[in-house]
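So the structure is just underneath, and the comments pick up after that.
2 protein chains.
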Amino acid sequence: MTQHQLTTQIKKKKSFLCIGLDVDLDKIPPHLLQEEDPIFAFNKAIIDATHQLCVAYKPNTAFYEAYGLKGWKALERTINYINANHPDIFTIADAKRGDIGNTSTMYAKAFFEDLAFDSVTVAPYMGKDSVEPFLAFENKHTILLALTSNEGAFDFQTKTIDGKELYKQVLETSKTWKNAENLMYVVGATKAEYLADIRNIIPDSFLLVPGVGAQGGNLQDVCKYGMNTHVGLLINSSRGIIYASNGTDFALAAANKAEELQKEMALILNK
Amino acid sequence: MTQHQLTTQIKKKKSFLCIGLDVDLDKIPPHLLQEEDPIFAFNKAIIDATHQLCVAYKPNTAFYEAYGLKGWKALERTINYINANHPDIFTIADAKRGDIGNTSTMYAKAFFEDLAFDSVTVAPYMGKDSVEPFLAFENKHTILLALTSNEGAFDFQTKTIDGKELYKQVLETSKTWKNAENLMYVVGATKAEYLADIRNIIPDSFLLVPGVGAQGGNLQDVCKYGMNTHVGLLINSSRGIIYASNGTDFALAAANKAEELQKEMALILNK
Numbered sequence: 007m008t009q010h011q012l013t014t015q016i017k018k019k020k021s022f023l024c025i026g027l028d029v030d031l032d033k034i035p036p037h038l039l040q041e042e043d044p045i046f047a048f049n050k051a052i053i054d055a056t057h058q059l060c061v062a063y064k065p066n067t068a069f070y071e072a073y074g075l076k077g078w079k080a081l082e083r084t085i086n087y088i089n090a091n092h093p094d095i096f097t098i099a100d101a102k103r104g105d106i107g108n109t110s111t112m113y114a115k116a117f118f119e120d121l122a123f124d125s126v127t128v129a130p131y132m133g134k135d136s137v138e139p140f141l142a143f144e145n146k147h148t149i150l151l152a153l154t155s156n157e158g159a160f161d162f163q164t165k166t167i168d169g170k171e172l173y174k175q176v177l178e179t180s181k182t183w184k185n186a187e188n189l190m191y192v193v194g195a196t197k198a199e200y201l202a203d204i205r206n207i208i209p210d211s212f213l214l215v216p217g218v219g220a221q222g223g224n225l226q227d228v229c230k231y232g233m234n235t236h237v238g239l240l241i242n243s244s245r246g247i248i249y250a251s252n253g254t255d256f257a258l259a260a261a262n263k264a265e266e267l268q269k270e271m272a273l274i275l276n277k
Numbered sequence: 007m008t009q010h011q012l013t014t015q016i017k018k019k020k021s022f023l024c025i026g027l028d029v030d031l032d033k034i035p036p037h038l039l040q041e042e043d044p045i046f047a048f049n050k051a052i053i054d055a056t057h058q059l060c061v062a063y064k065p066n067t068a069f070y071e072a073y074g075l076k077g078w079k080a081l082e083r084t085i086n087y088i089n090a091n092h093p094d095i096f097t098i099a100d101a102k103r104g105d106i107g108n109t110s111t112m113y114a115k116a117f118f119e120d121l122a123f124d125s126v127t128v129a130p131y132m133g134k135d136s137v138e139p140f141l142a143f144e145n146k147h148t149i150l151l152a153l154t155s156n157e158g159a160f161d162f163q164t165k166t167i168d169g170k171e172l173y174k175q176v177l178e179t180s181k182t183w184k185n186a187e188n189l190m191y192v193v194g195a196t197k198a199e200y201l202a203d204i205r206n207i208i209p210d211s212f213l214l215v216p217g218v219g220a221q222g223g224n225l226q227d228v229c230k231y232g233m234n235t236h237v238g239l240l241i242n243s244s245r246g247i248i249y250a251s252n253g254t255d256f257a258l259a260a261a262n263k264a265e266e267l268q269k270e271m272a273l274i275l276n277k
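Protein chains in written order, with my numbering: chain G, 7 to 277; chain W, 7 to 277.
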């Protein structure tokens, strides 16, 4: 999916919601544990109930790897199910990968070819030659960690490096990389006031914003500072939606939570 | 395996060699492609031929993920084979993970519990609460990226932050984290002269050093600047060993290459 097509979907659905599929077997409704593949059964029900309310799904790979082969198989079934039934959905492998050149190419193949995701999250610490292998894939998107929503973001990301915070250096430097038009960025919602500065550096890029809701971010503020003329925002919510209920009504409860956010988004988009 | 046990193995085998199992189906001997599981068949032959010459194996997860379920299964079979047959070997999942707290715990479970590796490589960009979940596992080791061996290391890692290079800030800050005694560090061999400074900050920690050989590092220099009283070094070689031959003699050729390095290491250890 191109970024233009993503904006079209956002305007059509009046939603820039991304739902994080972080499936923890200790948290899903107990009745699903009797299924042959409880992780996929959970995801399928969530997707069936919410796909008209969101524009993106974001499985975090950690939650699948923790269950070994069964987990990886559930990840494969999930992305295949979305691609086969909902080609209008933008898919994000939240994998936070990054390695030296030839190894990053293998990761890119894993997520862009084998699993056929539209995008993957990537860590910037190893620099240009660890990210460009991802950027080389046409119509695929690399979502670079810039400013994350956790406390540890203040350990290094906000420290000043040659007169500028590290996360701003990451934004500016990454703009010079080959195929930089395939970049998007992770920017945590807990620092909405930083978004004005960030938009000065990367006015056109899509931002993936975690941390609205559970982690304390505010949707209005994020949109005020972060939205651009083609929207340019994907707001992620994971636990707040997918674990809204622990009963047999979990998919409906998730849809209700998603709809709350979608309606708030529609109001903002209509302005 | 504890760090003390690792040093004991190093002294017993007169080797601090780590062999990187970065298996690319385009590079392994073609006759193996007829096997039911070519990746595992390749690894098993390499391990059988080299396990007395090295103290550690390091599969890079990218090379397994690129082959999807088959790849993940081969990774599982490889670590199980090492653990069952060679409990004296230190195992490293070269995964370069890192995410917010609860997600890092899932990654730690994936590599320390499900796959039962002794250690995993982790990226520092997201700070303390992204690394401490790994450090919480007893007798497991977290190998933090400090100074990598690729060109992109100069994009951010060597930039000055509050008067000190970022990679030094990572070293110093990480020492204050809970269970920091479970930390080891990745330090690229292409910058052997930096090792003296690094040893001033972390005199006792094990360093995983990639980039000897293929990437241009020099073993003598690395040992001169990086070795401490309990050795404190794991030198990794991947392609230079495992792809020494493309014929049916590949395992023997790998053993010969590993032995060249092991002999050089024995000379240094005997001094």
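Quick reminder that beta carbons are idealized off the backbone N, C-alpha and C, glycines included.
Legend entry - Residue interval of the beta strand (DSSP E) (run including His147/G): For the purposes of this step, residue 147/G is taken as the residue at position 141 of the first sequence. Looking at the DSSP string, the run of the beta strand (DSSP E) that includes His147/G is His147 to Leu153.
Inset, instruction - Give the straight-line distance between the Cα atoms of Val237/W and Ile208/W, rounded to the nearest whole angstrom. - result: By 1-based counting over the second sequence, the position of residue 237/W is 231. By 1-based counting over the second sequence, the position of residue 208/W is 202. If you draw a straight line from the Cα of Val237/W to the Cα of Ile208/W, it is about 13 Å long.
Legend entry - Whole-number beta carbon distance between Lys50/G and Tyr87/G, since they are thought to touch under 8 Å: Mapped onto the first sequence, residue 87/G falls at position 81. Mapped onto the first sequence, residue 50/G falls at position 44. That belief holds up - the Cβ atoms of Tyr87/G and Lys50/G are roughly 6 Å apart, short of 8 Å.
Inset, instruction - Quick one: measure Cβ to Cβ for Ser244/G and Asp28/G, integer angstroms, because I've assumed they're closer than 8 Å. - result: Your numbering for residue 244/G matches position 238 in the first sequence. Your numbering for residue 28/G matches position 22 in the first sequence. The Cβ separation is near 5 Å, so the contact holds.
Legend entry - Three CB pairs or more closer than 8 Å across the segment 104-122 of chain W and the segment 256-271 of chain G: no
Inset, instruction - Just tell me which of Ile52/G, Ile25/G, Thr8/G and Lys33/G has its CA closest to the CA of Ala259/G. - result: As a working mapping, residue 259/G is identified with position 253 in the first sequence. Of the listed residues, the one whose Cα sits closest to Ala259/G is Ile52/G.
Inset, instruction - For Thr84/W, count neighbouring C-beta atoms within 10 Å of its own C-beta (all shown protein chains included) and say buried if the count is 16 or more, exposed if not. - result: Numbered from its first residue, the second sequence carries residue 84/W at position 78. Looking at its Cβ environment, which holds 16 or more other Cβ atoms inside 10 Å, Thr84/W is buried.
Inset, instruction - Kindly provide the ranges of any alpha helix (DSSP H) runs that are 4 or more residues long and lie completely inside the segment 21-74 of chain G, ordered along the chain. - result: Listed in chain order, the complete alpha helix (DSSP H) runs (minimum 4 residues) inside the segment 21-74 of chain G are 44-56 and 67-71.
Inset, instruction - Determine which residues share a DSSP beta bridge with Met190/G and list them. - result: The sequence position of residue 190/G within the first sequence is 184, counting from 1. Paired residues: Ile149/G.
Inset, instruction - Would you grab the beta carbon distance between Val61/G and Phe22/G for me? Rounded to a whole angstrom, and I think it's under 8 Å. - result: As a position in the first sequence, residue 61/G is number 55, starting the count at 1. As a position in the first sequence, residue 22/G is number 16, starting the count at 1. Contact between Val61/G and Phe22/G holds: CB atoms are separated by about 6 Å, below the 8 Å threshold.
Inset, instruction - Indicate whether the contact test is met: 3 or more Cβ pairs, each with one atom in the segment 149-166 of chain W and one in the segment 126-139 of chain G, closer than 8 Å. - result: yes
Inset, instruction - List the DSSP bridge partners of Val126/G. - result: Along the first sequence, read from residue 1 onward, the residue named residue 126/G stands at position 120. In DSSP, Val126/G forms a bridge with Ala99/G and Thr148/G.
Inset, instruction - My understanding is that Pro216/W touches Gly194/W, with C-beta atoms under 8 Å, so please give their C-beta distance in whole angstroms. - result: Here residue 216/W refers to the residue found at position 210 of the second sequence. Here residue 194/W refers to the residue found at position 188 of the second sequence. Indeed they touch by this definition, with Cβ atoms about 6 Å apart.
Legend entry - Contact residues within the segment 156-174 of chain W, judged by C-beta distance below 8 Å to chain G: Going along the segment 156-174 of chain W in chain order, one finds Asn156, Glu157, Gly158, Ala159, Phe160, Asp161, Phe162, Gln163, Lys165, Thr166, Ile167, Asp168 and Leu172 with a Cβ nearer than 8 Å to chain G.
Legend entry - Test: Phe123/W CB closer than 8 Å to a CB of chain G: Within the second sequence, numbered from 1, the residue matching residue 123/W stands at position 117. No - not a single Cβ of chain G is within 8 Å of the one on Phe123/W.
Legend entry - Whole-angstrom distance between Leu81/W and His92/W, CA atom to CA atom: Here residue 92/W refers to the residue found at position 86 when the second sequence is read from its first residue. Here residue 81/W refers to the residue found at position 75 when the second sequence is read from its first residue. His92/W and Leu81/W: Cα-Cα distance of roughly 16 Å.
Inset, instruction - Using the DSSP secondary-structure output, state which residues sit across from Glu119/G in a beta bridge. - result: Translated into positions along the first sequence, residue 119/G becomes position 113. Glu119/G is not bridged to any residue.
Inset, instruction - Give the straight-line distance between the Cα atoms of Gly26/W and Asp168/G, rounded to the nearest whole angstrom. - result: What you label residue 26/W is simply residue 20 of the second sequence in a count that begins at 1. What you label residue 168/G is simply residue 162 of the first sequence in a count that begins at 1. If you take the alpha carbons of Gly26/W and Asp168/G, they lie about 36 Å apart.
Inset, instruction - Determine the closest residue to Glu144/G out of Leu189/G, Tyr200/G, Leu239/G and Thr166/G, with distance taken between C-alpha atoms. - result: The residue labelled residue 144/G in the question sits at position 138 within the first sequence. Nearest of Leu189/G, Tyr200/G, Leu239/G and Thr166/G to Glu144/G, Cα basis: Leu189/G.
Legend entry - Thr127/W versus Ala142/W: straight-line alpha-carbon distance, rounded: Against the second sequence, residue 127/W aligns to sequence position 121. Against the second sequence, residue 142/W aligns to sequence position 136. Each residue's alpha carbon lies about 15 Å from the other.
Inset, instruction - Count the other C-beta atoms from every protein chain shown that fall within 10 angstroms of the C-beta of Lys115/G, then say buried if there are 16 or more, exposed otherwise. - result: Within the first sequence, residue 115/G is the residue found at index 109, counting from 1. Per the 10 Å Cβ criterion, buried.
Inset, instruction - Go ahead and pull the three-state DSSP assignment for Asn185/G. - result: Counting from one through the first sequence, the residue named residue 185/G turns up at place 179. Coil, per DSSP.
Legend entry - Backbone CA spacing between Lys33/W and Leu151/W [nearest angstrom]: As a first step, residue 33/W must be located in the second sequence, where it is residue number 27. As a first step, residue 151/W must be located in the second sequence, where it is residue number 145. When rounded, the distance between both Cα atoms is 27 Å.
Inset, instruction - Over the uninterrupted alpha helix (DSSP H) stretch that includes Ser110/G, give me the two end residues. - result: Reading the first sequence from its first residue, position 104 is the one you call residue 110/G. Note, Ser110/G: alpha helix (DSSP H), Gly107 to Ala114.
Inset, instruction - Determine the contact status of Tyr191/W and Ser211/W, defining contact as a CB-CB distance below 8 Å. - result: For the purposes of this step, residue 191/W is taken as residue 185 along the second sequence, with counting starting at 1. For the purposes of this step, residue 211/W is taken as residue 205 along the second sequence, with counting starting at 1. In this structure, Ser211/W lies closer than 8 Å to Tyr191/W by Cβ.
Legend entry - For Asn89/W, the three-state DSSP class (helix, strand or coil): Position 83 of the second sequence, counted from the first residue, corresponds to residue 89/W. Of the three classes helix, strand and coil, the one that applies to Asn89/W here is helix, per DSSP.
Legend entry - Ser243/W - partner residues in DSSP beta bridges: In the second sequence, residue 243/W corresponds to position 237, counting from 1. DSSP output for Ser243/W lists Ile25/W as bridge partner(s).
Inset, instruction - Give the single residue among Leu12/W, Leu201/W and Glu178/W whose Cα lies nearest to the Cα of Thr154/W. - result: Walking along the second sequence from the start, residue 154/W turns up at place 148. Out of Leu12/W, Leu201/W and Glu178/W, Leu201/W has the C-alpha closest to the C-alpha of Thr154/W.
Legend entry - Close beta carbons around Ala250/W, own chain, < 6 Å, minus the five adjacent residues each side: Along the second sequence, one-based indexing puts residue 250/W at 244. Counting only Cβ-Cβ distances below 6 Å, and skipping sequence neighbours, we find Ala259, Ala260 and Lys263.
Legend entry - chain W contact residues for Gly74/G, given Cβ-Cβ distances below 8 Å: Here residue 74/G is taken as the residue at index 68 of the first sequence, counted from 1. The answer, in chain order, is Trp78, Glu82, Ala116, Asp120 and Leu121.
Inset, instruction - For Met7/G, decide whether its Cβ has a neighbour in chain W, counting only Cβ atoms nearer than 8 Å. - result: In the first sequence, the residue the question calls residue 7/G occupies position 1. No, no contact with chain W.
Inset, instruction - State the beta-bridge partners of Ile167/W as determined by DSSP. - result: For the purposes of this step, residue 167/W is identified with residue 161 of the second sequence, where counting begins at 1. Note: Ile167/W sits in a beta bridge opposite Ile167/G and Lys170/W.
Inset, instruction - Show which residues of chain G have a CB atom less than 8 Å away from the CB atom of Leu151/W. - result: To locate residue 151/W, count along the second sequence from 1; it is residue 145. Around Leu151/W, the beta-carbon contacts reaching into chain G at under 8 Å are Tyr131 and Met132.
Legend entry - Residue-level contact to chain W via CB, Asp135/G, 8 Å cutoff: For the purposes of this step, residue 135/G is identified with residue 129 of the first sequence, where counting begins at 1. Interface residue, yes.
Legend entry - Contacting residues, own chain, Cβ-Cβ under 6 Å from Val47/G (five flanking each side not counted): The residue labelled residue 47/G in the question sits at position 41 within the first sequence. First, the amino acid is wrong: residue 47/G is Ala here, not Val. Taken in chain order, the residues that qualify are Leu38 and Glu41.
Inset, instruction - Tell me Leu214/G's beta-bridge partners as DSSP assigns them. - result: Counting from 1 along the first sequence, the entry for residue 214/G is found at position 208. DSSP, once it has assigned bridges, lists Val192/G and Leu240/G as partnering Leu214/G.
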